[in-house]
Each structure stands twice: as C-alpha cells, then as structure tokens.
Amino acid sequence: MNSLSRLFLLASISIAPSAGAVDFTTEIQPFLREKCFKCHSGPRAKKGVRYDDATELAKKIGDGEDAIIRPGKPEDSRIIVLASKGRDDPDAMPPQNRGEGLSQNELTLLKQWISEGAKFDAGSAPTPPTPAAPPKLLTWTNIEGNTLQAYFVKLDGSNVVLKKEDNSEFSYPMSQLSADSRKQATDAAKAP
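Quick note on this note's numbering: the sequence shown kicks off at 1 and runs consecutively.
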C-alpha cells in the first residue's frame, strides 16, 4: 500500500461515524412501539409518558423529578428500573397482563442509548423543553354556587379533571359547573 492510499484510509477512518452508537429511530423505537405503545402513546398515555412522540418523550428526559430517562445514567433511569423488574413484579413494565417484557438484548440497547446521552438523532441530544409556566390555582364554581380552589388538568369527555392543592385528582361533570367555570375549563384546555 503506497503512502497516498494509507493517507486516504486514515482519513476515512477518522471521519467515519461511531459504529457503536445506538440509533433511537431504528433500534429503540421499534421495540417501544411493539411493547409499550398500548399504554404509552397518544394524548391519554398512562402517567403522561409517551414513547410515540419524541417531543413529548424529551420532556421526560433529564434530571428533573418526573424524568424517566437520565442521560448517561441508565441505572438511575426509571424506565430501566421498571423494565428490569421480574415479570411477576406488579411494578414491572410492561405489566404482565400487557404482553411480553423487553428482551435482554432490547434492555441492553436501551441502557446503551441512555449511556450515550439518550440522543434522538445521530449526534444530537433532544433539546430540553422550555419549562412550562407553573399551573395556576383557579376558583371553580358549581351550579349550586359552591366554590373550590383547584388546578385544571384536562377535559375528559363531558368531565373536567381537576387537581387539588394536595395533588389529588378528581373528575367533575362539566354540566354541574357554572357557566363561567365551564368557559374557564374550555379555555384552559385550549391553552398551550
């Protein structure tokens, strides 16, 4: 091999992408789709954890209290803790009655992806979401004139889901709210 050939070989090796990097789209998302989307997709995803939307999933990545993925720390990531539990454990994910758990290979890939920084695209970590404004405590009035201080959570069919200051959630029929409170619920549901 002449020196020019060696130079091209060295140059091509130094600019080649890392062969070991786990790709979210081709290696992680397919098994999440197969084993987790039943419960964790769409706007009604359990525990607010969505694996079908990278923007929503990015909100659960970081060091925050509700993070399920801690980049660089697979053993501290809730997704790994739950997916590693024995199938007979009631906290195992996916639950035993929801199908097969992650294979050892899938779990290893997921751990590697998290160790590498939980990146969605080759070489780029997801942009951390802008922190949302803290929810506003609202006054809700029913048709009898009784009031309650609570946070708006969501509209659920013909009900509004509210959260009291003690963090307990409850559903209340929209038809039992005053006109002003119904409008408040509708407006809150439209807010970003």
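Where is the CB? At the ideal position from N, CA and C, for every residue including glycine.
Exposed or buried, Leu-177, counting other C-beta atoms within 10 Å across all chains shown (16 or more means buried)?
By the 10 Å Cβ count, Leu-177 comes out buried.
Boundaries (first-last residue) of the beta strand (DSSP E) holding Gln-149
147-156
Could you name the residues of the same chain whose beta carbon sits closer than 6 Å to that of Lys-154, not counting the 5 residues immediately before and after it, in chain order?
Val-161
Assign Lys-38 to one of two classes, buried (16 or more other C-beta atoms within 10 Å of its C-beta) or exposed (fewer than that).
exposed
So, helix, strand or coil for Phe-170, using DSSP?
strand
For the beta strand (DSSP E) containing Lys-190, name the first residue and the last one.
Counting along the chain, Lys-190 falls outside any beta strand (DSSP E), though it belongs to the alpha helix (DSSP H) covering 179-190.
For the segment 105-113 and the segment 85-93, state whether three or more C-beta atom pairs, one from each stretch, are separated by less than 8 Å.
no
Measure the Cβ-Cβ separation of Ser-171 and Asp-187 and say whether it is below 8 Å.
no
Starting from the C-beta of Glu-116, find all residues in its chain whose C-beta is less than 7 Å away, skip the five residues before and the five after it, and write them out in chain order.
Ala-21, Val-22
With a threshold of 6 Å on Cβ separation, who are the neighbours of Ser-14 within its own chain once the five nearest residues in sequence on each side are excluded?
Bear in mind that a pLDDT of 33 at Ser-14, under 50, signals an unreliable position, so the number given afterwards is only what the model happens to contain. Hits under 6 Å: none found.
By the DSSP assignment, the beta strand (DSSP E) with Lys-119 in it spans what residues?
Element bounds for Lys-119: n/a, residue is neither H nor E.
Burial state of Pro-135, where buried means 16 or more other Cβ atoms lie within 10 Å:
exposed
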